[in-house]
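*Asks:* Residue numbers (the working numbering): 8 to 433. C-beta: ideal position from N, C-alpha, C; glycine also.
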Amino acid sequence: MKPSKGKRLLLALVLWGSLLPAAGAAGTGTTEYGMEAESLAAAGPAPSGKLAVSQPLGETGVFRQKDLKAELLARYGEQQSRQPVIFRDPKNDVHFVLPEGFALQGVYGRGKNQEDILMRASRGEELLVYMANGAMMKTEGQKEARPFQSEKVMLELTARTYEEEARNRGVPVQVSEMGTFAGRDGLHIRQLEEGKVSDRYFFGDRKKLYSLSFLSPEKEAGTLDPAVRQVLDSLEIGTAYERVRLPHSGVSYEIPFGSVDIQKAADPDDPHRLTRLHLDSQLITGVIFQPLQENQDYAFLPDSLEGLCPQDQENLCRLMTENRRARWERSHPGQILKENRTYFSQAAGRPCIVEDMVLPGGKSLGYVFLRKGTLLSLDYFQLGARDQQKIIDHSINSLQWKDTDTVVRAGKKGPEKPLKPKYGGE
């Protein structure tokens, strides 16, 4: 997305110091979340105010366990390879394998809700730093930053910001390339500074900017390559979501973060007939909420899907399939539905009817729920060839449909504080 003429695109990043390798340490205002588990076992309880990665068992059990292991190894030798240590950032749904020999030094959080994360691990003079930082986009004159509309724009702006800062500091950038890393679009930057080689990999999900930095002495350049491959091969970054609330209905569900609200979240004139439509780069999500008898396409359905016998389910599916085909042929003469089927299923703990179609422009999935004579249809249209079923499954199973008399209006009361997540290796 390009800014309008005369305006400069800004990157609103909350970073700890600089983007450059020298900024590996945590800055001010951070909270330490964890340390290496083995160090904790040897040193005793963690200092107050710090959350350990994992708590050791009782001291006697820990040391006795080590004694038994030593005895077994002395008698029988090493029988199996050591299990890999997996670092997990549950707040951002990120995890990867720590390379062999790397010890977790600490996990730090910053921000009002500790939403920005930094992890450090080392092996001798080699260093691995993971960071997750909030990232937003705005043009000059805008009061509020907005989510990036694509990961590509996010990474391109990150590259320009990084290279500009490197020039200002007089630190040459040897490599700056966009490519596919860890099975997703990413940015790779390599630098040489103060006798150390730094390889940094950036990834984005429009809500966060993630980076993995690998630093090693220049004289040992290349020795970290196997560790880099191991981390990238195991790296998984979950999709970022946000919750959409349908006013006056008690209905809410999650969609990919930063999706464009085509209807601008306008409050409806008729609170009994509600719609929402969001556009993501790969997916369109929509919802219809209204009294069943006011929708001609679904008025023949029962007030509830609970307790229907198999024969009733089969008849309803057949009728819905035929009606969709007839509507399509009337509105799209000469075009044929590639697929058109209907079946009963369960989603978010509720019975629903799934309308599955493959249209000329992509795949369409509609999930129809009925409750007390009210129709709720959550619809998803997949753009492009990339399979979005995992995202659709998450969204549909995040559905909440509460009685309206118990719904708390936005701005009156915030959500309950979530349990504090645990970070670190396991």
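Check T187 in the structure and name its three-state DSSP category.
*Replies:* Translated into positions along the sequence shown, residue 187 becomes position 180. Residue state, collapsed to three classes: strand.
*Asks:* Could you spell out the range, first to last residue, of the beta strand (DSSP E) harbouring E261?
*Replies:* Taking the first residue of the sequence shown as 1, we reach residue 261 at position 254. Where E261 is concerned, the enclosing beta strand (DSSP E) stretches over 258-263.
*Asks:* Compute the Euclidean distance between the alpha carbons of N175 and A392, then round it to the nearest angstrom.
*Replies:* Walking along the sequence shown from the start, residue 175 turns up at place 168. Walking along the sequence shown from the start, residue 392 turns up at place 385. The straight-line gap from Cα to Cα measures roughly 42 Å.
*Asks:* Residues bridged to G373 by DSSP?
*Replies:* Here residue 373 is taken as the residue at index 366 of the sequence shown, counted from 1. DSSP lists E362, D386 as partners of G373.
*Asks:* Go ahead and pull the three-state DSSP assignment for V238.
*Replies:* Counted from its first residue, the sequence shown places residue 238 at position 231. Correct three-state label for V238: helix.
*Asks:* Work out the CA separation of Y137 and L64 for me, nearest whole Å.
*Replies:* Indexing the sequence shown from 1 puts residue 64 at position 57. Indexing the sequence shown from 1 puts residue 137 at position 130. Confidence is the limiting factor: at L64 the pLDDT is only 31, short of 50, which leaves the residue's position unreliable, though a coordinate-based value still follows. Computed Cα separation, rounded: 28 Å.
*Asks:* DSSP on A228, reduced to helix/strand/coil?
*Replies:* Here residue 228 refers to the residue found at position 221 when the sequence shown is read from its first residue. Of the three classes helix, strand and coil, the one that applies to A228 here is coil, per DSSP.
*Asks:* For a quick check, are the C-beta atoms of F109 and F103 less than 8 Å apart?
*Replies:* In the sequence shown, counting from the first residue as 1, residue 109 sits at position 102. In the sequence shown, counting from the first residue as 1, residue 103 sits at position 96. No, the Cβ-Cβ distance between F109 and F103 is not below 8 Å.
*Asks:* Could you have a look at I403 and say whether DSSP puts it in helix, strand or coil?
*Replies:* On the sequence shown, residue 403 is found 396 positions in, with the first residue counted as 1. Three-state DSSP puts I403 in a helix.
*Asks:* Measuring straight from C-alpha to C-alpha, what distance separates D310 and F210?
*Replies:* Position 303 of the sequence shown, counted from the start, is the residue given in the question as residue 310. Position 203 of the sequence shown, counted from the start, is the residue given in the question as residue 210. When rounded, the distance between both Cα atoms is 47 Å.
*Asks:* Helix, strand or coil for N347 per DSSP?
*Replies:* On the sequence shown, position 340 is the one that residue 347 refers to. Strand at N347.
*Asks:* Look at the Cβ atom of L377, then the Cβ atom of L308, and state whether they are nearer than 8 Å.
*Replies:* Your numbering for residue 377 matches position 370 in the sequence shown. Your numbering for residue 308 matches position 301 in the sequence shown. Taking 8 Å as the Cβ cut-off, L377 and L308 qualify as a contacting pair.
*Asks:* Going by DSSP in three states, V180 sits in which element: helix, strand or coil?
*Replies:* Translated into positions along the sequence shown, residue 180 becomes position 173. Looking at V180 - three-state DSSP - the assignment turns out to be strand.
*Asks:* According to the neighbour-count rule (16 or more other Cβ atoms, all chains shown, within 10 Å of its Cβ), is P106 buried or exposed?
*Replies:* Within the sequence shown, the letter at position 99 stands for residue 106. Burial call: buried.
*Asks:* Just tell me which of E225, K214, A142, Q297 has its CA closest to the CA of E201.
*Replies:* As a working note, residue 201 is residue 194 in the sequence shown. Closest option to E201, Cα to Cα, is E225.
*Asks:* Assuming the contact rule is C-beta atoms closer than 8 Å, N140 and K215 should be a hit. Round their C-beta distance to whole Å, please.
*Replies:* As a first step, residue 140 is located in the sequence shown; it is residue number 133 there, counting from the start. As a first step, residue 215 is located in the sequence shown; it is residue number 208 there, counting from the start. That belief holds up - the Cβ atoms of N140 and K215 are roughly 6 Å apart, short of 8 Å.
*Asks:* Could you tell me the alpha carbon to alpha carbon distance between H255 and K370, rounded to whole angstroms?
*Replies:* Within the sequence shown, numbered from 1, the residue matching residue 255 stands at position 248. Within the sequence shown, numbered from 1, the residue matching residue 370 stands at position 363. Their backbone Cα atoms lie some 30 Å apart in a straight line.
*Asks:* Taking Cβ to Cβ, would you say L406 is nearer than 8 Å to A355?
*Replies:* On the sequence shown, position 399 is the one that residue 406 refers to. On the sequence shown, position 348 is the one that residue 355 refers to. Contact: yes.
*Asks:* Using three-state DSSP, classify K214 as helix, strand or coil.
*Replies:* As a first step, residue 214 must be located in the sequence shown, where it is residue number 207. Note: K214 maps to coil in three-state DSSP.
*Asks:* Could you tell me whether the segment 383-392 touches the segment 349-369, using the rule of 3 or more Cβ pairs below 8 Å?
*Replies:* Short answer: they touch.
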